[in-house]
Amino acid sequence: MVRPDPSAEATMSSAATSPSPSPSPSRSTSTAAAASTTASANPQPARQRKWHPRVFTGCVNCRRRHVKCDERTPSCSNCTRLHLACNFDRRFVFKAARPANKAPPDQPQCPGQPQQPQQLLLQFTEDAAVVVAPAGAAPDERPASAGSGASCSSGSEAVDGGDLSLSVPASSVVPARTGILSFADASTRGIPVFTTGGVVPPTGPVMGLESCFRISTPDPAAHIHSYEDMYYHHFLNTVSTYLIIYDTPSNSNPYRMLPAMVGNSGLLQDTMRALGAMHLSGLPLAQNRTLHRNAAMNMYSNVVTRVRSLVSSSHSTPNLELLATTLLLCMFEKMSSADSNWKIHLSGAGHIFKTMYSPRPALPGSDGLDGLAVSNTLPLRRFLVSLMSYLDLAASCATGEAPLIAGNYWETLGGGWEYNLGVPSFATSRQPADRTMAQLRNSWSRLMSIQLEICRFSGMIRDGMDDLQKELMHSDIQYRIQSWHESAPDVYLRLEGLNEMPADASPEEAETLTAAACVLGYALGASVYLERTVTRRVGSAAFDPVIKQTVDRMFALNFNFSSGITQLANLWALLTAGIATVDPEQQNRLRERLMGMRNFGFKNVYRVLDTLEYCWEHMKLYGGVDYDEFEAMLASNLVP
1 MVRPDPSAEA TMSSAATSPS PSPSPSRSTS TAAAASTTAS ANPQPARQRK WHPRVFTGCV
61 NCRRRHVKCD ERTPSCSNCT RLHLACNFDR RFVFKAARPA NKAPPDQPQC PGQPQQPQQL
121 LLQFTEDAAV VVAPAGAAPD ERPASAGSGA SCSSGSEAVD GGDLSLSVPA SSVVPARTGI
181 LSFADASTRG IPVFTTGGVV PPTGPVMGLE SCFRISTPDP AAHIHSYEDM YYHHFLNTVS
241 TYLIIYDTPS NSNPYRMLPA MVGNSGLLQD TMRALGAMHL SGLPLAQNRT LHRNAAMNMY
301 SNVVTRVRSL VSSSHSTPNL ELLATTLLLC MFEKMSSADS NWKIHLSGAG HIFKTMYSPR
361 PALPGSDGLD GLAVSNTLPL RRFLVSLMSY LDLAASCATG EAPLIAGNYW ETLGGGWEYN
421 LGVPSFATSR QPADRTMAQL RNSWSRLMSI QLEICRFSGM IRDGMDDLQK ELMHSDIQYR
481 IQSWHESAPD VYLRLEGLNE MPADASPEEA ETLTAAACVL GYALGASVYL ERTVTRRVGS
541 AAFDPVIKQT VDRMFALNFN FSSGITQLAN LWALLTAGIA TVDPEQQNRL RERLMGMRNF
601 GFKNVYRVLD TLEYCWEHMK LYGGVDYDEF EAMLASNLVP
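Residue 640, in the UniProt record's numbering, is where the sequence shown stops; the numbers in between run on with no holes.
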């Protein structure tokens, strides 16, 4: 260590204490001018607090202690180690904020700060990852991983300031031999027109994207100048397919028609951007996941603030755009959160729905802005009614409570089922499978009524009911399920003689058999769900041979007739069968299936696997579970 010179210290001390000569006026003026010039040339940016990327996740205890939470349910590892009561209830208060100034068209920007123009390409890999990389980069010049932080300053993270176009024809998606998806057009007779690759090496086969029939894809060729545009197009071209599930040539995707409802506020459009950003952040191999998640949460908080202002305003009238926005916010929570915040948005959607359909006097000068009197929004209105009932039924099955809206309102107010399994209101031409799909939709509608009755029955049992009344209601529901099977369309009879998809099945036949297997799996799951409601036990296949036979058939239908995106349509049936089974081989196969489905980027799939692992572990160690605690786990996850 070098000691300071005492003489130097004395000199410095005397210099500090002695009065300094006053500078001349000319010198002080020039110094001030130079300082002002330097300050104007290098303005200091305003200090902004950088939030931790996981501020919106984790349990209450971990967020309070500022430690990383692994979000295990029902108790995370930190709370288990410290013997704390773990819960994921979040109560965020979003403050109103003015929207950020829009950048000029020739100035691309990402959330946070402007970017330098650089041409990029979106890469679609087999395991549903979306990667952003510089165009023309060498194969070994891969983008930085998500672990490098959420900074937007690097050029490799900027979105093209010129033309970022996905030159993909509006046709089908077929697996390429290289393990990376290629896009082929029917006019080229299967010759690859556009193949992605070169940025992310093949990661091996991943169970997830390839479907048993060709998936119709809209033409996403568009100029993308900012991250907001990228999120918007990602929702329309990718997330919409995952939500509607049966996005086939004989089916329409109403999510892509929602932009027709966008009003001057842009509320619905911002919600779609938020879903696109959140989905990108949830893909396992997506780059810059922290950046996408922060952008999603910023857009989400802004939308929630504006929705609250509209709902609380006495001058606003609930309309279709507001209903669609709240339903998409519920989807957002289902996709991203580890708690039950989706209940808040679903309850709000139910309130808006009841207000729209309640009789009310006509207002002076009303032009029908609520969307009910506009003929060109009639198909979208029917779709939103079915979407509302789709989420309402899933919530009732999760919580064991009555639905928000009583009755078969998807029939009385929507004119029939129009969410998945075909959307006839948007059909532009007749297809050979239309009659069969109409029969499947009708049988699905009857099955929904039975499921809602079981949910109501579950709530009555929990509140306490007489044993005789319980037995009578149980018998009535069993009879309704039996009647459903006896009056089912003939396509279900064909499934009885099949254990897997026929090798020579045409695309239309594969579509109908896949949809029929899905609906039949839910019908069988209704019997298992009813038995679990009455007995309040897990692992029922070990006690009841009829339940075991039913569970075996459910696994055969799910594993052999669904693949790719259609697996998402069977999530509730897989959860119900997984709770009832005690077969280790079936548990392992189901574990592998759900691990593969995690590549779709939906948090509720993760939580289904966590619930089943908890159930299987406790059955193995203790022979059962604390059913009240188990019900609480089920009630927090929205599983359509």
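By construction, the Cβ of each residue, glycine as well, lies at the ideal position given by its N, Cα and C atoms.
Source: prediction; values computed, not measured.
Pairwise C-alpha distance: residue j and residue i
| i | j | result |
| --- | --- | --- |
| Gln451 | Asp229 | 40 Å |
| Asn604 | Asn298 | 21 Å |
| Leu404 | Thr412 | 16 Å |
| Thr566 | Leu243 | 10 Å |
| Met261 | Arg593 | 37 Å |
| Ser389 | Gly350 | 10 Å |
| Ala542 | Arg382 | 43 Å |
| Ser527 | Glu508 | 29 Å |
| Leu621 | Asn588 | 17 Å |
| Trp342 | Gly497 | 40 Å |
| Val538 | Glu631 | 11 Å |
| Gly601 | Leu391 | 19 Å |
| Asp434 | Phe353 | 30 Å |
| Gly623 | His83 | 23 Å |
| Asn294 | Thr271 | 14 Å |
| Arg64 | Ser340 | 19 Å |
| Ser429 | Met257 | 17 Å |
| Leu290 | Phe88 | Looking at the sequence shown, residue 290 is not Leu but Thr. One C-alpha to the other measures close to 21 Å. |
| Leu329 | Leu468 | 42 Å |
| Phe555 | His225 | 46 Å |
| Ser313 | Thr355 | 14 Å |
| Thr636 | Pro432 | For the sequence presented, residue 636 should be read as Ser rather than Thr. Cα to Cα, the separation comes out at about 41 Å. |
| Tyr529 | Asn288 | 41 Å |
| residue 653 | Gly416 | Only positions 1 to 640 of the chain appear in this structure, which leaves residue 653 out of reach. |
| His315 | Ala296 | 29 Å |
| Trp616 | Pro545 | 19 Å |
| Asn499 | Leu557 | 7 Å |
| Val582 | Tyr227 | 47 Å |
| Ile461 | Lys68 | 39 Å |
Chain-order list of residues whose beta-carbon lies under 8 Å from that of residue i (same chain, five-residue window excluded)
| i | result |
| --- | --- |
| Leu562 | In the sequence as displayed, the identity of residue 562 is Ser instead of Leu. Result list for Ser562: Cys212, Thr514, Ala517, Cys518, Ala569 and Asn570, in chain order. |
| Leu267 | Val303, Arg306, Val307, Leu310, Glu321, Leu322 and Thr325 |
| Leu612 | Leu575, Gly578, Ile579, Gln587, Leu590, Arg591 and Leu594 |
| Thr377 | Ala260, Met261, Leu320 and Gly371 |
| Trp484 | Ser443, Arg446, Leu447, Ile450 and Ala523 |
| Val491 | Thr436, Gln439, Leu440, Thr512, Leu513 and Ala516 |
| Phe559 | Arg589 and Arg593 |
6 Å CB neighbourhood of residue i in its chain, flanking five on each side removed
| i | result |
| --- | --- |
| Val385 | Trp410, Leu413 and Gly414 |
| Ser77 | Asp70 |
| Gln439 | Pro489 |
| Asn408 | Ser449 |
| Trp572 | Val639 |
| Lys334 | Trp342, Asn604 and Leu638 |
| Leu327 | Ala349 and Leu387 |
| Glu141 | The predicted model places Glu141 with a pLDDT of 36, which falls under 50 and marks its position as unreliable, so this point remains unresolved. |
| His618 | Val625 |
| Pro379 | Ser425 and Phe426 |
| Asn61 | Cys79 and Leu84 |
| Tyr627 | Arg536 |
CB-CB length for residue i against residue j, believed under 8 Å
| i | j | result |
| --- | --- | --- |
| Val239 | His292 | Val239 to His292, Cβ: 12 Å. No contact. |
| Gly348 | Val311 | 7 Å |
| Arg553 | Leu524 | 6 Å |
| Arg598 | Pro284 | 7 Å |
| residue 723 | Tyr614 | It is not possible to answer for residue 723, since the shown part of the chain is limited to 1 through 640. |
| Gly459 | Gly400 | 6 Å |
Chain-order list of residues whose beta-carbon lies under 7 Å from that of residue i (same chain, five-residue window excluded)
| i | result |
| --- | --- |
| Phe332 | Ala274, Leu275, Met278 and Tyr300 |
| Ala427 | Ser252 |
| Ile245 | Asn420, Ile565, Thr566, Leu568 and Ala569 |
| Glu629 | Pro74 |
| Lys548 | Ala541 |
| Tyr357 | Leu413 |
| Met473 | Phe457 |
| Lys470 | Ile461 |
Residue i: CB within 7 Å of a non-hydrogen atom of the ligand ATP
| i | result |
| --- | --- |
| Val491 | For the structure depicted, the ligand ATP is absent and the ligand set is empty, with no information on it obtainable. |
If you pair each beta-carbon of the segment 392–409 with each one of the segment 445–460, do three or more pairs fall below 8 Å? yes
At 3 residues or longer, what runs of the beta strand (DSSP E) sit wholly inside the segment 241–319? none
For the segment 513–543, which segments carrying the alpha helix (DSSP H) assignment without a break, of at least 4 residues, lie completely within its bounds, in sequence order? none
Alpha helix (DSSP H) runs contained entirely in the segment 565–625, provided each spans 4 or more residues: 571–580, 584–597 and 603–622
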